[in-house]
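*Asks:* First the structure, which I've put down as structure tokens, then a few questions once you've had a look.
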Amino acid sequence: MQESVPVPVTGVSFDAVLAFLFAFIGFLFLGNLAYLLLRRVLEGRVSRGTAKWTAAVLQYGITIGGIYASARYLLAFDLTAFVASLGILGIVVAFSSRQIIQNVIAGVLITINRPVQLEEWVIVSGRPETGLSKVQDISLTTTILQGLDGGLVLTPNSSIITSKVINYSRAGLLEVQIPLAVPVTADLERVQEIALRAAHDHPLILPHVEPAERSAVQSLFDLPYIGRLSSDLPRPGLALFEPKVQISSIKEEWVRLTVRVWIRQIPRKDAIVSEYLDTVIERLRVEDLLEKKEWVGEPAPETPTCPIQNLQKEAGT
């Protein structure tokens, strides 16, 4: 009987190709396994970001190195000849994958410069803006953010490098502007007193917080960018974060105010604003400052009318 001979495919036997496929899958599995094991070993010993990137380097090293070695010894793969044979095709492929290359380079720059890190609260400008979001993961090409509504935003790493990024976790605090409207007849001085008192009484609004939290806020002045904020004060301190009430507009029969407060519990922003407004509204109602009242004293001047309107009124009478 005649023995079967493996049929070569482009100079490589079918058995070698099959062995390479098994090796390819095997090194993918080993790379993922090494990633999980190293993450588990480093957990709690180093920061989450450092553990993730160290494990990722090991994973890519095992996967790429194993696949290259398998191709070299099983398929007689010559990297130099392969690169030389690409020619124009290689240039076209490189140009078409320019965006991917940019994101990979940006991922490396994020790892080195660390403009954002895991668990930080940031806003990435762009179209559309991400809004206040928490950094959940940073991969080789994509940064995953989670908004306050729970939605995940997959942002290309190049956007993190080229766009304006507001990092609230680095500053350690966030300024919140709270709108408030009262009738134009209300005692504005008393309204402002109530709004400020409610801010002073809230345990999570600066600077009237617990002693431990107060010391943490005071340490923020050691940061250079916080120091520049307080450079106009004779003695920089927690007075920089005092609540303020400003009149923003007067429209029809309502005066619109803006209460500006500082908080450190950024994930609880909406809850803090809701609790604060509940307190303010309740105190305003107790003092009957939300009800519209008639003007006391001289009547308000009549609105001038045009001659045509006057003639129409006279004709109607």
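To convert, note that position 165 of the sequence shown is 977 in the numbering used here; the numbers rise steadily by one, no gaps. The beta carbon of each residue, even a glycine, is placed where N, CA and C say it ideally should be.
(1) So the candidates are L1016, L960, I935; which of them puts its Cα closest to the Cα of P1055?
(2) Which partner residues of I1059 appear in the DSSP bridge assignment?
(3) Give me, in chain order, the residues of the same chain whose beta-carbon lies closer than 7 Å to that of S1061; leave out the 5 immediate sequence neighbours on both sides.
(4) CB G984 to CB R1076, shorter than 8 Å?
(5) How many Å lie between L886 and T875 at the Cα?
(6) Report all residues from its chain with a CB closer than 8 Å to the CB of R1047; omit the five preceding and five following residues, and keep chain order.
(7) How would you label L830, buried or exposed, when you count the other beta carbons within 10 angstroms and need 16 or more for buried?
(8) Going by DSSP, what residue range makes up the beta strand (DSSP E) through S945?
(9) Measuring only the C-alpha atoms, how far is K1063 from V1073?
(10) Between the C-alpha atoms of K864 and Y872, what's the straight-line distance to the nearest angstrom?
(11) Taking 6 Å as the limit between beta carbons, can you name the residues of its chain near R851, skipping five residues before and five after?
(12) I'd like to confirm the pairing. Which residues does DSSP put opposite I876 in its beta bridges?
(13) Pair every Cβ in the region 959–968 with every Cβ in the region 940–947, then say whether three or more of these pairs are closer than 8 Å.
(14) Give the straight-line distance between the Cα atoms of V1085 and L1101, rounded to the nearest whole angstrom.
(15) In the DSSP assignment, what residue or residues form a beta bridge with Q989?
(16) Leaving aside the five residues before and after V916 along the sequence, list all residues of the same chain whose C-beta is less than 8 Å from its C-beta, in chain order.
(17) Considering only the beta carbon of each residue, do I995 and E1103 sit closer than 8 Å?
(18) Consult DSSP for L964 and reduce its assignment to one of helix, strand or coil.
*Replies:* The short version:
(1) In the sequence shown, counting from the first residue as 1, residue 1055 sits at position 243. Nearest to P1055 by C-alpha distance, out of L1016, L960, I935, is L1016.
(2) Counting from 1 along the sequence shown, the entry for residue 1059 is found at position 247. L1069.
(3) Taking the sequence shown and counting its residues from 1, the one referred to as residue 1061 is at position 249. Answer for S1061: R1068, listed in chain order.
(4) The residue given as residue 984 occupies position 172 in the sequence shown. The residue given as residue 1076 occupies position 264 in the sequence shown. A Cβ-Cβ contact shorter than 8 Å links G984 with R1076.
(5) Indexing the sequence shown from 1 puts residue 886 at position 74. Indexing the sequence shown from 1 puts residue 875 at position 63. In this structure, the CA atom of L886 is about 16 Å from the CA atom of T875.
(6) For the purposes of this step, residue 1047 is taken as residue 235 along the sequence shown, with counting starting at 1. The predicted position of R1047 is uncertain, since its pLDDT is 47 and thus under 50; a value taken from the coordinates is nonetheless stated next. So the list is empty, once near-sequence residues are dropped.
(7) The sequence position of residue 830 within the sequence shown is 18, counting from 1. L830 comes out exposed.
(8) Taking the sequence shown and counting its residues from 1, the one referred to as residue 945 is at position 133. Unbroken beta strand (DSSP E) run through S945: 945–950.
(9) The count along the sequence shown starts at 1 and reaches residue 1063 at position 251. The count along the sequence shown starts at 1 and reaches residue 1073 at position 261. Those two C-alpha atoms are separated by around 24 Å.
(10) As a position in the sequence shown, residue 864 is number 52, starting the count at 1. As a position in the sequence shown, residue 872 is number 60, starting the count at 1. Approximately 12 Å between the Cα atoms of the pair.
(11) Mapped onto the sequence shown, residue 851 falls at position 39. Excluding residues within five positions, the ones whose Cβ falls inside 6 Å are A863, A867.
(12) On the sequence shown, position 64 is the one that residue 876 refers to. Answer is none; I876 lacks a bridge partner.
(13) Result yes; three or more Cβ-Cβ pairs closer than 8 Å.
(14) To locate residue 1085, count along the sequence shown from 1; it is residue 273. To locate residue 1101, count along the sequence shown from 1; it is residue 289. So the two alpha carbons sit approximately 20 Å from each other.
(15) The residue labelled residue 989 in the question sits at position 177 within the sequence shown. Beta-bridge pairing links Q989 to R1072.
(16) Numbered from 1 along the sequence shown, position 104 holds the residue referred to as residue 916. Shown here for V916: same chain residues with a beta carbon closer than 8 Å to its own, the five before and five after excluded, namely L952, T953, N969 in chain order.
(17) Along the sequence shown, read from residue 1 onward, the residue named residue 995 stands at position 183. Along the sequence shown, read from residue 1 onward, the residue named residue 1103 stands at position 291. Reading off the sequence shown, one finds Pro at residue 995, where the question assumed Ile. The beta carbons of P995 and E1103 sit closer together than 8 Å.
(18) Stepping through the sequence shown from its first residue, residue 964 is reached at position 152. Assigned with DSSP and collapsed to three states, L964 falls in strand.
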